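Asker:
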Amino acid sequence: MHRTFAAVLGAVTIVAALGLSGCSDDTSSAPSPTPVPLTKPPTVSPSPAEAGAPLPSPTALADVMGRLADPAIPGPDKVGLVQNGTPADGAALDRFAKALHDSGYAPVTVDATDLMWASDQQGNVIANVTMKPGGPAATDKTLKFPMEFSPQADAWQLTRQTADLLLQIDPQPTAKPTP
Numbered sequence: 006m007h008r009t010f011a012a013v014l015g016a017v018t019i020v021a022a023l024g025l026s027g028c029s030d031d032t033s034s035a036p037s038p039t040p041v042p043l044t045k046p047p048t049v050s051p052s053p054a055e056a057g058a059p060l061p062s063p064t065a066l067a068d069v070m071g072r073l074a075d076p077a078i079p080g081p082d083k084v085g086l087v088q089n090g091t092p093a094d095g096a097a098l099d100r101f102a103k104a105l106h107d108s109g110y111a112p113v114t115v116d117a118t119d120l121m122w123a124s125d126q127q128g129n130v131i132a133n134v135t136m137k138p139g140g141p142a143a144t145d146k147t148l149k150f151p152m153e154f155s156p157q158a159d160a161w162q163l164t165r166q167t168a169d170l171l172l173q174i175d176p177q178p179t180a181k182p183t184p
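Be aware that the sequence shown starts at 6, since it is given in the numbering used here, and climbs by one per residue.
1. Considering only the alpha carbon of each residue, which of Asp-116, Gln-157, Lys-137 and Leu-170 lies closest to Asp-64?
2. Between the region 106-122 and the region 156-173, are three or more C-beta pairs nearer than 8 Å?
3. Suppose contacts are defined by Cβ-Cβ distances below 9 Å. Is Pro-138 in contact with Pro-112 by that definition?
4. Going by the DSSP bridge assignment, what does Leu-148 pair with across the sheet?
5. Just verifying my parser: in three-state terms, what is the DSSP assignment at Ala-168?
6. Give me the DSSP bridge partner(s) of Asp-116.
7. List the residues that DSSP assigns as beta-bridge partners of Met-121.
8. Decide if Pro-89 is buried, meaning its Cβ has at least 16 other Cβ atoms within 10 Å, or exposed.
9. What residue range is occupied by the uninterrupted alpha helix (DSSP H) comprising Leu-163?
10. If we call anything under 9 Å between Cβ atoms a contact, is Thr-135 one with Leu-148?
11. Would you tell me roughly how many angstroms separate the C-alpha atoms of Tyr-110 and Arg-165, rounded to the nearest one?
12. Using the C-alpha atoms, what's the distance from Asp-68 back to Ala-97?
13. Whose CA, out of Pro-81, Ala-158, Asp-75 and Leu-73, lies closest to the CA of Gly-128?
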């Protein structure tokens, strides 16, 4: 029995030795990486819509278009009503007002409706702008066009993209005579 006890004790010692070696520190393995400190994500200002900012008044946007359409205001004085406007835009602004006047839209009545924040350009507003002839000779003519406006200080401007589409601000290429 002494032999059996010695065999069992030897087996337990071997199992214990093997089991404990699995729990020992493995000095050959790579050290664990140092944890990266957590940083606060960059702060992004919420869009006016997310911040609950009120939309501009429809009158403010209609006023921009009313002044752009007014033939009594010289084109160079209207440049500030167009985003990134330059003195070179004055002639196109005069052409726009003259075209409206010549088409019977003088005086013109301007309404802005269905205002909403632009989804692709933070802070910009899109509105459906309707232009109708005003005064005693008013007709049923109506121009309705979705337009985008950009904030500028305490005022609003027609975005450059909308101005380029509507007002044909980019100079028109001159036709070359055919030989």
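Ideal placement from N, C-alpha and C gives every residue a C-beta, glycine not left out. In this text the structure is predicted, and so the values were computed from the model without any measurement.
Answerer: Taking the coordinates as given:
1. Correcting the residue type first, residue 64 is Thr in the shown sequence and not Asp. Measuring from the Cα of Thr-64, the nearest candidate turns out to be Asp-116.
2. With contact defined as three or more Cβ pairs closer than 8 Å, the region 106-122 and the region 156-173 are not in contact.
3. yes
4. Answer by DSSP bridge pairing, in chain order: Met-136.
5. helix
6. DSSP lists Thr-135 as partners of Asp-116.
7. Ile-131
8. The question names Pro, but residue 89 is Asn in the sequence shown. Result: exposed.
9. Segment 160-163 is the beta strand (DSSP E) holding Leu-163; no alpha helix (DSSP H) there.
10. yes
11. 23 Å
12. 19 Å
13. Ala-158
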